[in-house]
Amino acid sequence: MSTMNTVGRPTAPVPHQPEHDYKHPTLTGGRGLLQDEHLIFESDGWFKTGVDLPEPRGNGSDLGALVRHDPIGLPGLSEPQAMRHYVRLSQKNHAIDLALYPLGSCTMKHNPRLNEKMARLPGFSDIHPLQPISTVQGALELMDQLAHWLKTLTGMPAVAMSPKAGAHGELCGLMAIRAAHEASGEHARRRKVLVPTSAHGTNPATAAFVGYTVVEVAQTADGRVDVADLASKLGDDVAAIMVTNPNTCGLFERDILEISRLTHEAGAYFYCDGANFNAIVGRVRPGDLGVDAMHINLHKTFSTPHGGGGPGSGPVVLSAALAPFAPAPWVVNDGDSFRLVEREEDEAAQAFGRMCAFNGQMGMFVRALSYMMSHGSDGLRQVAEDAVLNANYIKARLSDVMSAAFPDGPCMHEALFDDSWLEGTDITTLDFAKAMIDEGFHPMTMYFPLVVHGAMLIEPTETESKQELDRFITALRALAAAAKAGDVERFKGAPFHAPLRRLDETRAARAPKLRWSAPEGHNMAAE
Amino acid sequence: MRYLPLTPDDRTAMLAAIGANTIDDLFVDVPQPARREGFVDLPRVSGELEVERALVALAAKNTAAGTVPFFCGAGAYRHHVPATVDHIIQRSEFLTSYTPYQPEIAQGTLQYLYEFQTQVANLTGMDVANASLYDGSTATAEGVLMATRVTRRNKAVFSGGVHPHYVRASETVVHAVGVETVSLPAAIDAEAAVIDAIDKDTACVVVQTPNVFGTATDVTKIAEAAKAAGALLIVVVTEAVSMGLLKSPGEMGADIVAAEGQSIGNALNYGGPYVGLFACRQALIRQMPGRLCGETVDADGERGFVLTLSTREQHIRRDKATSNICTNSGLCCLAFSIHMSLLGETGLRKLALLNHDKALATREALAAIPGVEVLTPRFFNEFAIRLPKPAAEVVDALAAHRILAGVPYSRLAPGTGMDDVLLVAATETTLDADIKILAEALTRVLAA
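Taken in sequence, the protein lines are chains A and B.
Going by UniProt numbering, the first residue of the first sequence is number 1, and it counts up by one from there.
Going by UniProt numbering, the first residue of the second sequence is number 1, and it counts up by one from there.
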């Protein structure tokens, strides 16, 4: 019956399918479910509004010359128009809810909707950051509970909750380290931060942001920190090392205990980039590895949604040596009630300052705690195990057709391939990634880490089923076969089936057009 | 566990495909002393119902702003957000997507960012805006650092009207790179005092309008003075709705605007997530921090959008980047942009006037109370009053009567001799009845 249409006749596609004529232009720009959607600034009624408000009593005349008279340049949409505009836009996005999103280092896992529901309880979403403490006891209790989970899972004694994202957490951690060196009178001497070449770009950027000189540490042939090189660079001029573990090659740093020992012997602190904590949560505590500070991306390990680029949340766990320098504010559990330490005095006299205006990303705290409570200690351990299992499964099933960057031994939560297997095909990592789009998958992280040529970093996460992994593996194997068979156009021209073909990024950067501007004669003035 | 799709059979089959006997074989690189057996000491897996019960119980211990007469502001404002906003931002394609690094399958995110950037640029009266920073306070810190790069000078002057937490968050970061700051004493109405502090080392002056006491200021003369001295003017705005009524920072000569966008489209959320608005003049764009979305074309010549000028950013420039920022406030930008699209110019102007109306009415009611002195001369939706008692005590006494009367200035800046100053904000959500309740209760508390 599935072949019958509403007039009762079977239908079938027209057999003609010219080679690579993937995108026969339509007459209007619309394509099936994909609507051609203009900018809000190009909509018809510039002066419409989708919000019905009562008439104001005054006109601001008491403010005299302070009143704004120029046209602001903000088009308005009625509610149905707004709904269509954004729904049409939404259909041009890939999403984890649609299919595998294997961006290595980014941890695109399922975002449970319970967490969204909890974050929207008015008791959390509709409270002001400066309400009297007696009226926000539940919020402080929640922050205290989340802090307890984070400290327990990491084996660390303290946590600074206010950093707003991973890079903000790095900043917080390095500021605490700097404050500790200042307190011991060593800051003037310790001006270097050691960072492996494979690090996330945020690590050297953060170290420079805090005024340190960045010194790169070499990597061994098996994708780990070169301990001999590290040891030769450690000294009394080094403030800290920043090491990601598991690292950005998806490998656990086998010599991590030696690395932390050498670091501490040199009088430096060990900052760990916790972006990949999801690979070890419940199985390894960073506190047992000698870490002094580590940010935790709640939007990675603990599944608060990435939202197209943010918001994130980056609490930083701290060792006993660094805890006194944590930034204000923080929550104190007094037994029968909770309070917020906001002033940098008394118990907070050594706080290095303040990361942001208020108390951190409360909306993300609620989601993360909801996620943690749902999993429990048993579920979180399973998270790490399944994430690692899924990545190793992909690595095992693709290593015969693609070249694993570090074939020996297991990987952690992500599988890293290089582009040596593409040699002689005239196809690059970028081309391969774009062809994946045509097959319905989001590409993996490309060209990162920098230490691997043409890197393809695949992180499936634990929330993929075996069936979806097999679907992905089948697609990649088919693409690899096509690449080796010389089907170059499939890759060079890709994507053919996405809402847009390949974008001209060079042109965008050469003459940046960063905003819509009214064409000549456009009437932006209020009616 | 309901979020984990693998079955025990799957795991067995996958381990076999890998050539491993047990899951432990995959963790062999973890040094023996750091391997943990068994579960950490935390509760075990919980069903949705149990989690919901626990969190609802915590939420119930807080006093939600919408349930009481509510007058708190000082950098976070309670506005009505249309239902459409929250519906759209929860669509899977927006909620569960990543930074748009693959533009062919992220045009939804990129187009709204381009629209957001244009809305923010127009609202602030500036040439260009970025795709957001974390919040207004971190945007202010980034603005100061940017000004030092642009001017190659090393000092920032903050007016006594800038939100004390913004000053502190900025100082914390910029002191680390050796930038000197001068923070003028708290003042209700003296933004222009920064002019006298400008010297040849001044990279920027930072003023706020409306300032933390609510005072609205025409900063044109400050802009002229800064320009004459080769310094930049950074204008901070913590209440974005105010720009629907007040002259824009751009019109008054700002070089950089650092603003909090929470007021449009975003809930109070106990302080975050919020959305930092960051805008500047065209000539400064290559020194901007954060992501930028730009227009281009695809291989077929169709218009499209991409992240651009990324050679400023950490993933390319590493230790030479303009900022270390990576994650921004994407979904909060979307909420801002949808709400702003619904309002449009017509709605925004009206909303701003309604806020002003409510604040005027609140002032009138409070000014009539014996012992209360209104300190703020010109304001948008927030003003400061002096009380005959410490403001924190009064606020606590009113909270006990389920009235959230505002923010004591001493909470933001203790020890400045302004313990008797209370910041009072009103918005379109404020009811006339709420104003009456506040005035009556405050009269009683002050008489007690």
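In this text, a Cβ means the ideal position worked out from N, Cα and C, and glycines have one as well.
inquiry  = Quick check: the Cα distance between N355(B) and I96(A), rounded to an integer number of angstroms?
reply    = Roughly 40 Å between the two C-alpha positions.
request  = For V451(A), collect the residues of the same chain with a Cβ closer than 6 Å to its Cβ; drop the 5 residues on either side in sequence, then sort them by chain order.
outcome  = Closer than 6 Å at Cβ, skipping near neighbours: T197, S198, Q219.
request  = Determine, using beta carbons only, whether E423(A) comes closer than 9 Å to chain B.
outcome  = Answer no: the Cβ-Cβ gap between E423(A) and chain B never drops below 9 Å.
message = Does chain A have any CB closer than 9 Å to the CB of L6(B)?
response = Chain A contact via Cβ: present.
ask   = Between which two residues does the beta strand (DSSP E) containing K155(B) stretch?
value = 155-158 is the span of the beta strand (DSSP E), which, as asked, contains K155(B).
message = I'd like to check one pair, S410(B) with P390(B): are the Cβ atoms closer than 9 Å?
response = It is a contact, given that the beta carbons lie within the stated cut-off.
message = So, under 8 Å CB-CB, V144(B) and V174(B) are touching, yes? Tell me the CB distance rounded to an integer number of Å.
response = The beta-carbon distance between V144(B) and V174(B), rounded to whole angstroms, is 5 Å. This is short enough to meet the 8 Å contact definition.
query = For V424(B) versus G66(B), is the C-beta distance shorter than 9 Å?
reply = The Cβ-Cβ distance between V424(B) and G66(B) does not fall below 9 Å.
Given V45(B) as reference, the closest of M373(A), P315(A), L194(A) once Cα atoms are compared = Nearest option by C-alpha distance: M373(A).
request  = Can you pull the chain A residues whose beta carbon is under 8 Å from the beta carbon of E48(B), in chain order?
outcome  = Those are L114, S374, listed as they occur along chain A.
ask   = So which residues on chain A does E345(B) lean against when the C-beta distance must stay under 9 Å?
value = Chain A residues near E345(B): W46, F47, T49, P71, I72, G73, L74, P75, G76, M524, A526.
inquiry  = G214(B) and A433(B) - do their beta-carbons sit closer together than 9 Å?
reply    = Contact flag unset, no.
task = Within the stretch 417-441 of chain A, note down every full alpha helix (DSSP H) run reaching 4 residues or more, in order along the chain.
result = Within the stretch 417-441 of chain A, the complete alpha helix (DSSP H) runs of at least 4 residues are 429-438.
query = Taking just the CA atoms, how far does G76(A) sit from S242(B)?
reply = Approximately 18 Å between the Cα atoms of the pair.
query = Should S134(A) be labelled buried (16 or more other beta-carbon atoms within 10 Å of its own) or exposed?
reply = That one is exposed.
query = Which chain B residues sit within Cβ distance under 8 Å of H299(A)?
reply = Residues of chain B passing the Cβ test: T327.
request  = Answer yes or no: does any C-beta atom of chain A fall closer than 9 Å to that of E428(B)?
outcome  = Output row for E428(B): interface = yes.
request  = Taking only beta-carbon positions, decide if L257(A) is within less than 9 Å of chain B.
outcome  = Yes, because at least one Cβ of chain B sits closer than 9 Å to the Cβ of L257(A).
inquiry  = By the DSSP assignment, the alpha helix (DSSP H) with E37(A) in it spans what residues?
reply    = Counting along the chain, E37(A) falls outside any alpha helix (DSSP H), and DSSP gives it neither H nor E.
request  = Taking all protein chains shown into account, decide if E527(A) is buried (16 or more other Cβ within 10 angstroms of its Cβ) or exposed.
outcome  = At E527(A), the pLDDT of 38 sits below 50, so the modelled position is not reliable and the matter cannot be decided from this model.
query = Excluding five sequence neighbours on each side, which residues of the same chain lie with their C-beta closer than 6 Å to the C-beta of W149(A)?
reply = The beta carbon of W149(A) lies closer than 6 Å to those of M372 in the same chain, with the five residues before and after it left out.
message = Strictly below 9 Å CB to CB, what residues from chain B border E141(A)?
response = The answer, in chain order, is L58, K61.
request  = May I ask you to report which of helix, strand or coil DSSP gives residue 528(A)?
outcome  = With chain A covering 1 to 527 only, the question about residue 528(A) has no answer from this structure.
8 Å Cβ cut-off: residues of chain B touching W149(A) = Residues of chain B passing the Cβ test: L42.
ask   = Is the shortest distance between the beta-carbon of R190(A) and the beta-carbons of chain B less than 9 Å?
value = With 9 Å as the cut-off, R190(A) does not count as an interface residue toward chain B.
query = When DSSP labels each residue in this structure, what does L74(A) get in the three-state scheme?
reply = Looking at L74(A) - three-state DSSP - the assignment turns out to be coil, as it is neither helix nor strand.
ask   = Under 9 Å, do G253(B) and V219(B) count as touching if we go by C-beta distance?
value = At the C-beta level, G253(B) and V219(B) come within 9 Å of one another.
task = With 7 Å as the C-beta to C-beta threshold (strictly closer), list the residues of the stretch 84-97 of chain B near chain A in chain order.
result = Under the 7 Å Cβ criterion, the stretch 84-97 of chain B contributes T84, I88, Q90, R91, S92, E93, F94, L95, T96, S97.
query = Is the Cβ-Cβ distance between Y271(A) and E170(A) less than 9 Å?
reply = Between Y271(A) and E170(A), the C-beta spacing is below 9 Å.
Y271(A), enclosing beta strand (DSSP E) - first and last residue = 269-273 is the span of the beta strand (DSSP E), which, as asked, contains Y271(A).
task = Could you tell me the boundaries of the alpha helix (DSSP H) in which E520(A) lies?
result = Taken as a continuous stretch (DSSP letters only), E520(A) belongs to no alpha helix (DSSP H), as it is neither H nor E.
message = Judging by CA-CA distance, which residue of D189(B), D9(B), P164(B) is the nearest neighbour of T416(B)?
response = Among D189(B), D9(B), P164(B), the Cα nearest to that of T416(B) is on P164(B).
inquiry  = Between which residues of its own chain and V30(B) is the CB-CB distance below 7 Å, once the five residues before and five after are set aside?
reply    = None.
request  = Mind reading off the beta-carbon distance from F305(B) to L55(B)? Whole number of angstroms is fine, and I expect it under 8 Å.
outcome  = Contact doesn't hold; Cβ gap of about 38 Å is too wide.
query = Taking buried to mean at least 16 other C-beta atoms within 10 Å of its own C-beta, is K436(B) buried or exposed?
reply = Taking all protein chains shown into account, K436(B) has fewer than 16 neighbouring C-beta atoms within 10 Å of its C-beta and is therefore exposed.
request  = Kindly indicate which three-state DSSP category D298(B) falls into: helix, strand or coil?
outcome  = DSSP, read as helix, strand or coil, puts D298(B) in strand.
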